[in-house]
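Residue 296 is where the sequence shown starts when you use this note's numbering, and the numbers rise one by one after that.
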Amino acid sequence: MSDVEDLKKMAGIEACKFVKNGMKVGLGTGSTVKYTILELGRRVSEEGLDIVGVPTSIATEKLALEVGIKLVELSDIDGLDVVIDGADEFDVNFQLIKGGGAALLREKIVAQQSKTMVVVADDRKKVTTLGMFPLPIEVTRFSHISTINQISRLLDCEVNLRMEDGAPKITDNGNFLADAITGPTILDPIKCESDILNIAGVVQVGLFNNMCDAVILAGSDGIESLYNPSGNLV
Ligand code: 5RP
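Structure representation (structure tokens):
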């Protein structure tokens, strides 16, 4: 296992400390939270942990079922206790860029329905200013080129249609994805989110503002639990 993979595993497992019997748990998407899901599955089968999960992608749904986590529909329950998810970047105010794994729409829906959000990350994800990671934006397929051009004019930067195997990447919701190459310039992520959401062809943007309550951060010196002073876990 590579060093980075070790860090992802450490963070993913540590975040399970937020999950207790009887909880309704949002299950994020990505290569870090995968370790959370594997560990929760282990606790379900070996320790009798009693939880239900709501997955944020088809890939996570498949993994969660494989490891024996009982799943429910978000519409069938009254909110979640905690969602654990990865991030592509987080800043000093606990604002996030997400969507590198193409699951941002369901991730944001699930995060909005959860009392608390815990992010699992390795220390490459911590930034001063958001935007070095290309900002993912889910767009409708209808007239997607016009939408991408509108985003590009708004942000004054290059915006690329995300491709996979020579064709546009299609999300779990049947939409396309655009990645905005802003560079580390997103000084006001709340305004940026709102401006992008004003474009009719935009379905959702991967800025997750005022949602994250804690980051479980793995680095070469070990694990740190960072708590958002304005969040719900302090
Ligand atoms: C998926 C996401 C992921 O959580 C994000 O891309 C981080 O993934 P990883 O842990 O694999 O780096 O937002 O849409």
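Glycine is no exception: its CB is placed at the ideal position from the N, C-alpha and C atoms.
{"Asked": "CA-to-CA distance, Leu472 to Glu459, given in whole angstroms", "Found": "11 Å"}
{"Asked": "Contact test: Ala416 Cβ vs the ligand 5RP heavy atom, cutoff 8 Å", "Found": "yes"}
{"Asked": "Close beta carbons around Ala406, own chain, < 6 Å, minus the five adjacent residues each side", "Found": "Val378, Met412, Met506"}
{"Asked": "Thr423 to Thr324 span [Cα, whole Å]", "Found": "24 Å"}
{"Asked": "6 Å Cβ shell around Leu360 - same chain, five flanking residues per side excluded", "Found": "none"}
{"Asked": "Assigned exposure category for Ser352 - 16 Cβ within 10 Å defines buried", "Found": "buried"}
{"Asked": "Paired residues, beta bridge with Glu384 - DSSP", "Found": "Ile392"}
{"Asked": "Distance cut-off 8 Å: Thr331 Cβ against heavy atoms of the ligand 5RP", "Found": "no"}
{"Asked": "The ligand SAH heavy atom lying under 8 Å from the CB of Gly395", "Found": "Of the ligands one can find in the structure shown, namely the ligand 5RP, none is the ligand SAH."}
{"Asked": "Other residues of its chain near Val387: CB distance less than 8 Å, five sequence neighbours each side excluded", "Found": "Thr423"}
{"Asked": "Proximity to Leu456 [Cα-Cα], best of Leu449, Glu433, Leu450", "Found": "Glu433"}
{"Asked": "Where Gln407 falls: helix, strand or coil (DSSP)", "Found": "helix"}
{"Asked": "Same chain, Cβ closer than 7 Å to Glu519, five either side skipped, listed in chain order", "Found": "Leu512"}
{"Asked": "Delimiting residues of the beta strand (DSSP E) encompassing Gly348", "Found": "347–350"}
{"Asked": "Min CB distance Arg401 to chain C below 9 Å", "Found": "Looking at the structure shown, chain C is missing, and only one protein chain is on hand."}
{"Asked": "Supposed contact pair Leu521 and Val510 - C-beta distance, whole angstroms, cut 8 Å", "Found": "5 Å"}
{"Asked": "Any non-hydrogen atom of the ligand 5RP within 8 Å of Leu399 CB", "Found": "yes"}
{"Asked": "Test item: CB-CB of Leu410 and Asp376 under 9 Å", "Found": "One detail in the question is off: residue 410 reads as Lys in this sequence, not Leu. Going by C-beta atoms, Lys410 is nearer than 9 Å to Asp376."}
{"Asked": "Heavy atom of the ligand 5RP within 8 Å of Lys486 beta-carbon", "Found": "no"}
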